[in-house]
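S.K.:
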Amino acid sequence: FDERREDHLEFRPLDPWYRFHFDDGQQFDYRPGIEDTNDEIARFDKGDIKGYARLLKTSKAIFEVGFEKLADKPFTRFGSMLAQIPALLRLRSYRTVAGLVNSHIKHPLLRQAFSIHPLLVGGNPFTTTSIYALIHYLERQWGVFFCMGGTGKLVAELHNLLHRAGVNVELGVDIEQIEQQGQLVTGAVATDGRRFTARRVICNGDPPTVYRQMMPQERRRKKALPDSMTQYSMGLYVLFFGTRRSYEDVAHHTIWMGPRYRELLADIFDRKILADDFSLYLHRPTATDKSFAPDGCDSFYVLCPVPNLLGDVDWDVEGPALRDRIVAALGRTIMPDLEKTITEDFWMTPEDFLNDYRSMHGAGFSIAPLFIQSAWFRYHNRDPHISNLYFAAAGAHPGAGMPGVLCSAKVVERLIEEEERAHTGG
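Quick note: the sequence shown uses my numbering, first residue 9, plus one each step.
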C-alpha cells in the first residue's frame, strides 16, 4: 500500500505491561525494563531472578523456532511438519507452559504470573504446549503497546486504507453458505439472498463452523475435525462498564488472581463447571487514553474465563449473578465502592459468542492450543481438497490472539502469492 502506519495510528508503550493482584493482597508489576522486573521479582524471591533469566533464554530459543520459522509459514503438507519435529523435540515442546515455567521459577505466585500467557489465547497453561512460552521473549523483543483510540480506531484505519486502495468492504453481511463446484468454491450466499461470486474465498470465521454450517453437506468429506477428538478453548464472560469516578491506582492491564489457580482451570477446562471463585483480566483503557470516558470518569471491561457451552451453565441465570460477584470482588480489593460508581454496564456470555460470532460451542478462541492441535494438526490455512478456500482465523494455523491471526493472514498471503507466481511463471 506504500503508506506508513504512524501517519494514521499511534501505538503508545505501556508501563507496567501488566499488574498482577494476588488473592493475599500482594501485587506484582511486570515491566518493560529487565532491572525493574527483577526488582519486582526480588520482593517475592530473589532466587527467582536467575530463574527468570533462564526462562527468558529458553523463551528466546522457542521464539527463534516457533515464531520466526513457524508462525507465518504454511503447514499444508505433513512433510513440512515432519521437517520441524527435530527442532520441536530439542525444545521439548511436548512440555506444557506451566511445566516449563515451574522448572525455572520457584515462588508459587510468580509461577502463576509467568504461566498465564496461554489464557490470552484460550489455553490452559497446564495443557498448552510450551511453544506458547515464546510470548515472554516476544514481549521483550517488541514491547507491549496500546493503540490510541482502541481496536475500533485500528479497524477504522484499516477500513480507510482498503477504501483508498479501491477495495470494497461490505459491512453487516451474514454469510449463510459457501458455494462449491467440484474441487473449487465459487462464491458465497448471504442470509438476505445475495450472491457473491469469487475466484478465492478467504474465511476469518471459525473453521469448524464454516465446515459444518456453511459447506454443502454432501461435499464436506472429513474436513471438520470430529468433536470427540477436538478440544475447544475456554469460554469468556465479558463485563463492560463505566464509572463516574476515576480509579487512578488501577493499571492499564490488571490480572486479578483468585484463591485457586490450577484447580480453577480444571473446573473451567476439564469439569466445565462455573465455580464460585474466579480470576479476571481487567482492562482500563483510560489509564492511557482519556478519550474513552468523560473527564473524571473511567471505562473498563473484564474478561472472566468460564466453561464453553459444552458445560451445562444457564447463562440467563448465571450472567447477572456473575456480574454481581465480579463487581463485589473488585469493590472489596482494588476498586473501592465500585457498585456505587457504575453508570452503565452490559455483558457477553458464551451464548453471545455462539450466536453473534458463530464460534463453535461458544468458545472464545476456537480450538485449544494443544501440541496435537498445532501447526499441521490445526485447521489448515488452505483447504486440503479445495484449492481456493483459505482460512485466516483463530482456529487455523498458527492460532488465536491478534498476533496469531495476523500471522495466519500472512500465511494466506504467502500461499496466494506462490500460486500466482506458479500460474504466471514468475
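Every residue gets a Cβ at the ideal spot worked out from N, C-alpha and C, and that includes glycine.
What does a CB cutoff of less than 8 Å around A69 pick up in its chain, not counting 5 residues either side in sequence?
M.R.: Same-chain partners within the cutoff: L99.
S.K.: Following the continuous beta strand (DSSP E) through M356, name the residue where it begins and the one where it ends.
M.R.: Unbroken beta strand (DSSP E) run through M356: I350 to M356.
S.K.: Please identify the residue among A198, L96 and A164 whose C-alpha is closest to the C-alpha of M156.
M.R.: Ranking A198, L96 and A164 by Cα distance to M156 puts A164 first.
S.K.: With distances taken Cα to Cα, identify the nearest neighbour of E178 among I124, E147 and R202.
M.R.: Among I124, E147 and R202, the Cα nearest to that of E178 belongs to R202.
S.K.: How many Å lie between R39 and H291 at the Cα?
M.R.: Whole-angstrom Cα-Cα distance: 16 Å.
S.K.: Taking only the alpha-carbon atoms, compute the straight-line gap between E72 and A430 and give it to the nearest angstrom.
M.R.: Going from the Cα of E72 to the Cα of A430 covers about 30 Å.
S.K.: Looking at C-alpha atoms only, which residue of I210, F30 and H261 is the closest neighbour of T294?
M.R.: Ranking I210, F30 and H261 by Cα distance to T294 puts H261 first.
S.K.: D278 to Q92, Cα distance in whole Å?
M.R.: Cα-Cα distance, rounded: 30 Å.
S.K.: Going by alpha carbons, who is nearest to T137 out of D31, W355, L108 and L118?
M.R.: Here the closest residue by C-alpha is L108.
S.K.: Going straight from the alpha carbon of D324 to that of I334, what length do you get?
M.R.: C-alpha separation (whole angstroms): 16 Å.
S.K.: Thinking D257 and M368 are a contact (beta carbons under 8 Å), I'd like their distance in whole angstroms, please.
M.R.: Incorrect: roughly 40 Å between the Cβ atoms, too far for contact.
S.K.: Where does L244 sit, in a helix, a strand or coil, going by DSSP?
M.R.: Strand at L244.
S.K.: In the DSSP assignment, what are the bridge partners of H291?
M.R.: For H291, which the question treats as bridged, DSSP gives the partners H261 and Y309.
S.K.: Taking 8 Å as the cut-off, decide whether the C-beta atoms of Y269 and Q120 are in contact.
M.R.: Contact flag set, yes.
S.K.: Can you list, in chain order, the residues of its chain whose CB lies under 6 Å from that of K280, leaving out five sequence neighbours each side?
M.R.: The residues are P315, L318 and G319.
S.K.: Do C305 and G243 count as a contact pair if the criterion is CB distance below 8 Å?
M.R.: Result no, Cβ atoms of G243 and C305 do not sit closer than 8 Å.
S.K.: Considering Cα atoms alone, identify which of R12, A106, P328 and G55 is closest to V246.
M.R.: The candidate whose alpha carbon is nearest that of V246 is P328.
S.K.: Taking L96 as the reference, which of P344, P116, G372 and A141 has the closest Cα?
M.R.: Nearest C-alpha to L96: A141.
S.K.: Below 6 Å CB to CB, which residues in the same chain sit around N132 once its five sequence neighbours on both sides are set aside?
M.R.: The residues are L273 and F277.
S.K.: For the candidate residues P313, T351, S395 and F308, whose alpha-carbon lies nearest to that of G190?
M.R.: Checking every option, the nearest Cα to that of G190 belongs to S395.
S.K.: Return the chain-ordered ranges of every alpha helix (DSSP H) run that is complete within the region 308-340 and spans a minimum of 4 residues.
M.R.: DSSP runs (the alpha helix (DSSP H)) wholly in the region 308-340: 323-340.
S.K.: So, D182 versus T194, is the Cβ gap smaller than 8 Å?
M.R.: It is not a contact, given that the beta carbons lie outside the stated cut-off.
S.K.: At the level of alpha carbons, what is the spacing between F83 and V218?
M.R.: Rounded to the nearest angstrom, the two C-alpha atoms are 20 Å apart.
S.K.: Quick check on the burial criterion: 16 or more other C-beta atoms within 10 angstroms. Buried or exposed for I143?
M.R.: The residue is buried, with at least 16 neighbouring Cβ atoms inside 10 Å.
S.K.: Hey, quick one: how far does the alpha helix (DSSP H) through V163 stretch, first residue to last?
M.R.: From DSSP, the alpha helix (DSSP H) with V163 extends over G158 to R172.
S.K.: Would you mind sorting Y398 into buried or exposed? The rule is 16 or more other CB atoms within 10 Å of its CB.
M.R.: Counting Cβ neighbours within 10 Å, Y398 comes out buried, since at least 16 surround it.
S.K.: Assuming contact is defined by CB atoms lying nearer than 8 Å, are A288 and V310 in contact in what I supplied?
M.R.: Before going on, a small fix: residue 288 reads as Leu here, not Ala. Yes. Within cutoff.
S.K.: Quick check on F308: buried or exposed, where buried means 16 or more other Cβ atoms within 10 Å of its Cβ?
M.R.: F308 comes out buried.
S.K.: Pull the bridge partners of V197 from the DSSP assignment, please.
M.R.: DSSP lists Q185 and R203 as partners of V197.
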